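Reviewing the structure listed below.
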Amino acid sequence: MVRHIVCFKLKDASKKEEAKEILLSMRGRVPEVKELEAGTDFLGSARSYDVFLGVLLEDRAALEAYQKDPYHVGVVKKFMHAETQSSVAVDFEL
């Protein structure tokens, strides 16, 4: 199994809930996704990111397919790239 985690710092923190809903919209639309969770930061410290995404996938091949999925690229990535100031990601095997 592979875990894909991304944290986003948005240009406008007031869009946190909208970003979270966009991320959650991948459930049932991106077949490689086994589990998906998204959340928003409530602390708001200087080092905090605004939105979290955690995805569980079967293997590295599924991660590659996820990265190219039309819904992920055309809807989710498009929105997140437009609204994100910076992001950090980590992908690891369980």
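Numbers 1 to 94, taken from full-length UniProt numbering, label the letters of the sequence shown in order. All C-beta atoms, glycine included, are put in the ideal place defined by N, C-alpha and C. These figures come from a predicted structure and were not determined experimentally.
Go ahead and label residue i buried or exposed: buried means 16 or more other beta carbons lie within 10 angstroms of its beta carbon, across all protein chains shown.
{"i": "H81", "result": "exposed"}
{"i": "V90", "result": "exposed"}
{"i": "K20", "result": "buried"}
Does residue i come out as helix, strand or coil in the three-state DSSP assignment?
{"i": "V33", "result": "strand"}
{"i": "A38", "result": "strand"}
Looking at the secondary structure, which residues open and close the alpha helix (DSSP H) in which residue i lies?
{"i": "A62", "result": "R60 to K68"}
{"i": "residue 105", "result": "Beyond the ends of the chain as shown, which are 1 and 94, falls residue 105; an answer cannot be given."}
With a Cβ-Cβ cutoff of 8 angstroms, do residue i and residue j count as a contact?
{"i": "Y71", "j": "L57", "result": "no"}
{"i": "residue 102", "j": "I5", "result": "Residue 102 is absent from the model: the chain starts at 1 and stops at 94."}
{"i": "V33", "j": "V51", "result": "no"}
Who are the Cβ neighbours of residue i in its own chain at under 7 angstroms, not counting the five residues just before and after it?
{"i": "R60", "result": "V2"}
Excluding five sequence neighbours on each side, which residues of the same chain lie with their C-beta closer than 6 angstroms to the C-beta of residue i?
{"i": "D69", "result": "V30"}
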